[in-house]
Each structure stands twice: as structure tokens, then as C-alpha cells.
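One structure below.
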Amino acid sequence: MNTIEMANHAPEHFEWATSDGVAKITLKGPEHKNPLTFDSYAELRDTFRGLVYAEDIKAVVLAGSEGNFSSGGDVRGIIGPLTEMDMSDLLRFTRMTGDLVKAMRACPQPVIAAVDGVCAGAGAAIAMASDLRLGTPGARVAFLFTRVGLAGCDMGACAMLPRIIGQGRAAELLFTGRSMPADEAERWGFFNRLVEPDDLLEEATQLANGLAEGPNFAHGMTKTMLNQEWNMGLDAAIESEAQAQAICMQTRDFERAYHAFMEKRQPEFEGD
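Heads up: the sequence shown runs through residues 246 to 517, numbered per my numbering.
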């Protein structure tokens with residue numbers, strides 16, 4: 246769903262707002278700590294897929310409502326029905342949740358998760374799938390799949406989490422399902438930094454605005470290479486980056502930056 250479609254058809258399962266090239270997605274359902282449902286998974290997946298074609302959106306802020314990020318899959322709406330599904334339907338569901346992560350990684354815009362309070366299960370997974378994460382001192386992150394008899398390998402966690410916080414630390418969280426307090430999450434590198442709850446959305450928005458004002462084509466290239474180089478050796482990565490940078494050197498933003506430097510002023514990037 247692109248931004249034109251979003252404007253004409255407001256999402257049902259989260260709040261959507263845009264300003265100055267920044268989209269803000271706010272998860273809803275504060276009475277149950279903003280849980281995810283079958284429908285909200287699908288709507289989020291389709292929204293991030295649409296962002297690939299949304300040239301007017303330069304960055305995304307992903308947040309929860311009323312003091313929590315997300316408690317993950319809704320116990321009543323998802324967990325119960327899953328116990329009655331056959332293998333075909335279960336695989337359809339698990340692939341859909343994985344498709345949400347794929348869509349978040351594939352959209353060219355930097356995605357900033359603004360995390361307060363509970364960030365658990367699938368909520369922790371979508372925070373993990375974001376490019377940057379800001380937390381509050383009261384935020385708690387838990388990959389609690391083992392607590393409900395499931396493996397820790399959900400929504401790409403066994404691939405992505407070790408790359409963020411390290412193999413041993415990720416293994417501990419994924420095996421035990423324990424809650425990771427905010428100061429530990431920052432120390433381990435899950436959170437880029439901590440801010441006070443009243444400042445969380447403002448800080449995340451300022452960060453998003455700063456990225457939106459930057460060279461957006463180049464930002465998209467950076468995100469692409471961060472994804473692709475996971476599976477490359479060093480020689481292949483260096484060659485891929487050489488090609489990527491050469492492409493960026495053909496953009497008008499590169500010329501704008503050069504002229505601005507020569508004229509001793511800040512460049513005004515336009516993303517082309």
C-alpha cells in the first residue's frame with residue numbers, strides 16, 4: 246500500500262501520519278499493550294511493501310501507544326487459534342510474520358523503533374527488524390517464544406539478533422526468553438540510546454527528520470548493502486560497495502554536496 250492509498254484508506258490496525266517526509270506508525274490496542282493480530286500483521290506487511298514505491302516518504306518512526314511498544318502476538322486472537330490449525334495453515338501464518346520482517350528490511354527508508362514499556366515476542370522482533378532503536382529507561386525487551394513452548398528462531402531472530410548484540414548474548418535471550426532491561430539493552434547494543442519517555446517520540450522524530458533531509462538515495466543504498474553483505478565474504482563485500490558507491494557518485498545529490506562544500510554551506514539533498 247503506497248502513501249496515496251494510505252491517504253484514501255486509513256489503516257484499521259494502527260495509526261498512520263506523515264509530516265515532512267517522515268511517516269509515523271503507531272501500534273494500537275493499549276488495553277492489551279498493543280498486541281499484534283492476524284490482520285495487523287498483514288496490514289503492516291502490506292504497508293512496508295508499499296513504502297518501496299513511496300518516494301515522498303524518506304524515513305519511518307514505529308512506536309506503540311500509551312506507554313508500551315507491543316506485547317507481541319495477541320493471546321486471545323492468535324495463540325488460541327494457532328493451537329487448532331493444521332500444518333498448512335500454521336506455515337502460512339509463520340511465513341506471513343516473516344514477510345513483515347522482509348518488508349521492513351526491503352523498504353529503502355530507515356526505520357526507527359521508539360520503544361517504551363513492554364516490547365515482547367513479535368513486538369521485540371519488529372523492533373529488532375528496524376534499522377535504529379531508541380528506548381526509554383522503563384523499556385523491557387523479551388524474545389519470549391520459549392515461554393509458550395516455541396523455538397527462539399522466529400521472524401529471523403536467530404539471524405538478526407546475533408548481528409546486533411552478539412551470538413552468546415542472543416543465545417541467552419532466545420533460549421531463556423528472559424526480559425532484557427533497558428540499561429542492558431543499551432549496553433549490549435540493542436538500543437542505540439535511551440531517552441526519557443516524555444522525549445521519546447520527539448527524539449525519534451528528530452532523528453527521522455535528520456535522515457529525511459539527507460541523501461535519501463544513498464541511505465537506501467546503505468540499507469541495501471547492510472542487508473546484502475550478511476552473506477558475503479570480505480572481497481565480495483568490498484567489490485559490491487565499490488559498485489554501490491560508484492552509482493551514488495552519479496547522483497545529483499553528490500554534485501550538490503560538492504558545490505555546497507566549495508561554497509561553504511550546508512548541502513540541500515533532494516534524493517536524486
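Glycine is no exception: its CB is placed at the ideal position from the N, C-alpha and C atoms.
Secondary structure, beta strand (DSSP E): runs of 3+ residues fully inside the region 287 to 328
Counting whole runs of 3 or more residues, the region 287 to 328 contains the beta strand (DSSP E) stretches 304 to 308.
Return the chain-ordered list of same chain residues with a C-beta closer than 6 Å to the C-beta of G322, the five sequence neighbours on each side being excluded.
What you label residue 322 is simply residue 77 of the sequence shown in a count that begins at 1. Beyond the five residues adjoining it in sequence on each side, G322 comes within less than 6 Å, by CB distance, of T282 in the same chain, given in chain order.
Pull up the distance between the alpha-carbon of A252 and that of T292, whole angstroms please.
Along the sequence shown, read from residue 1 onward, the residue named residue 252 stands at position 7. Along the sequence shown, read from residue 1 onward, the residue named residue 292 stands at position 47. With a pLDDT of 46 at A252, under the threshold of 50, the modelled position of this residue cannot be trusted, and the question is left open.
State the DSSP-derived secondary structure class of A396, mapped to helix, strand or coil.
Sequence index remark: in the sequence shown, residue 396 carries index 151 (1-based). A396 sits in coil when the DSSP states are folded into three classes, being neither helix nor strand.
Identify, in the order they occur along the chain, each residue of the same chain with its Cβ nearer than 7 Å to the Cβ of A482, setting aside the five sequence neighbours on each side.
Looking up residue 482 in the sequence shown gives position 237. When the five nearest sequence neighbours on each side are left out, the beta carbons in the same chain lying within less than 7 Å of the beta carbon of A482 are those of E474, in order along the chain.
I need the straight-line Cα distance from G478 to G274, nearest angstrom please.
As a position in the sequence shown, residue 478 is number 233, starting the count at 1. As a position in the sequence shown, residue 274 is number 29, starting the count at 1. Looking at the two C-alpha atoms, the distance is approximately 44 Å.
Between the Cα of L471 and those of Q354, A268, S285, G266, spot the shortest distance and give me the residue it belongs to.
Within the sequence shown, residue 471 is the residue found at index 226, counting from 1. Checking every option, the nearest Cα to that of L471 belongs to Q354.
Of the choices G394, C493, L379, whose alpha-carbon is the least far from that of R432?
Stepping through the sequence shown from its first residue, residue 432 is reached at position 187. For the residues G394, C493, L379, the minimum Cα distance to R432 belongs to L379.
Could you tell me the alpha carbon to alpha carbon distance between E329 and G368, rounded to whole angstroms?
Here residue 329 refers to the residue found at position 84 when the sequence shown is read from its first residue. Here residue 368 refers to the residue found at position 123 when the sequence shown is read from its first residue. The alpha-carbon atoms of E329 and G368 are separated by roughly 23 Å.
Distance, Cα to Cα, A453 vs I302?
In the sequence shown, residue 453 corresponds to position 208, counting from 1. In the sequence shown, residue 302 corresponds to position 57, counting from 1. Distance from the CA of A453 to the CA of I302, rounded to the nearest whole angstrom, comes to 11 Å.
Pull the bridge partners of K269 from the DSSP assignment, please.
Start at 1 with the first residue of the sequence shown, and residue 269 comes out as number 24. According to DSSP, K269 bridges with A262, V306.
When Q488, E447, Q451, E448 are compared against T467, the one with the closest alpha-carbon:
The residue given as residue 467 occupies position 222 in the sequence shown. Minimum Cα distance to T467 is reached at Q488.
Is the region 357 to 377 close to the region 386 to 403, with three or more CB pairs under 8 Å?
By the Cβ criterion, the region 357 to 377 is in contact with the region 386 to 403, since at least three pairs of Cβ atoms, one from each stretch, lie closer than 8 Å.
Is it buried or exposed for G362, if we count other Cβ within 10 angstroms and need 16 for buried?
Counting from one through the sequence shown, the residue named residue 362 turns up at place 117. By the 10 Å Cβ count, G362 comes out buried.
Which word fits V320, buried or exposed, when buried means at least 16 other C-beta atoms lie within 10 angstroms of its C-beta?
Against the sequence shown, residue 320 aligns to sequence position 75. Only exposed fits V320, as fewer than 16 other CB atoms lie within 10 angstroms of its CB.
Can you give me the C-alpha to C-alpha distance between K509 and I324, rounded to a whole angstrom?
For this step, residue 509 is matched to residue 264 along the sequence shown. For this step, residue 324 is matched to residue 79 along the sequence shown. Computed Cα separation, rounded: 59 Å.
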